[in-house]
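S.K.: Residue numbers (the working numbering): 2 to 123. Heads up, the beta-carbon is just placed ideally off N, CA and C, and yes, glycines get one too.
Right under this line is the structure:
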């Protein structure tokens, strides 16, 4: 009798697992809500350029500008380029390789030698 009771419990638990639908709750639901909230745009970050003449149903390119995104991407770009140049400007012991063709990896040794000999003749 004990064996049949255990077997019945196993059968009922397996039925529950099969019939159980995948419900989104807990951390999965929170992640989905968080992603949905992140996709909403802030209306104060966009600027609409005004038209002189309104034409129904016509959309223009560049009508809506996202100044918040543009500003942050411009700041990142400046940090990557100008900041490095500024930090290197005060240093005097920088070796700059000015040999002809050294920075070009696509050229072979023979091609580099030809370019150097051409430059010498000039």
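Taking only three categories from DSSP, how would you classify residue 115?
M.R.: Here residue 115 sits in helix by DSSP.
S.K.: Taking 8 Å as the limit between beta carbons, can you name the residues of its chain near residue 68, skipping five residues before and five after?
M.R.: These residues qualify, in order along the chain: 46, 47 and 48.
S.K.: Would you list the residues sitting across from residue 47 in a DSSP beta bridge?
M.R.: In the DSSP output, where bridge partners are listed per residue, residue 47 has 67.
S.K.: Rounded to the nearest angstrom, what separates residue 96 and residue 86 at their Cα positions?
M.R.: Distance between the alpha carbons of residue 96 and residue 86 is about 14 Å.
S.K.: Taking only three categories from DSSP, how would you classify residue 75?
M.R.: Helix.
S.K.: Please state if the CB of residue 83 and the CB of residue 101 are separated by a distance shorter than 7 Å.
M.R.: Not in contact: residue 101 and residue 83 (Cβ atoms no closer than 7 Å).
S.K.: Cutting at 7 Å between CB atoms, please list the residues of its own chain near residue 104, excluding the five before and the five after it.
M.R.: Here the set comprises 98.
S.K.: I think residue 50 touches residue 66, with their Cβ atoms under 8 Å apart; what is that distance to the nearest whole Å?
M.R.: That belief holds up - the Cβ atoms of residue 50 and residue 66 are roughly 7 Å apart, short of 8 Å.
S.K.: Helix, strand or coil for residue 120, going by three-state DSSP, please let me know.
M.R.: If DSSP states are grouped into helix, strand and coil, residue 120 belongs with the helices.
S.K.: From 43, 94 and 118, pick the residue whose C-alpha is nearest to that of residue 70; which is it?
M.R.: When only C-alpha atoms are compared, the closest one is 43.
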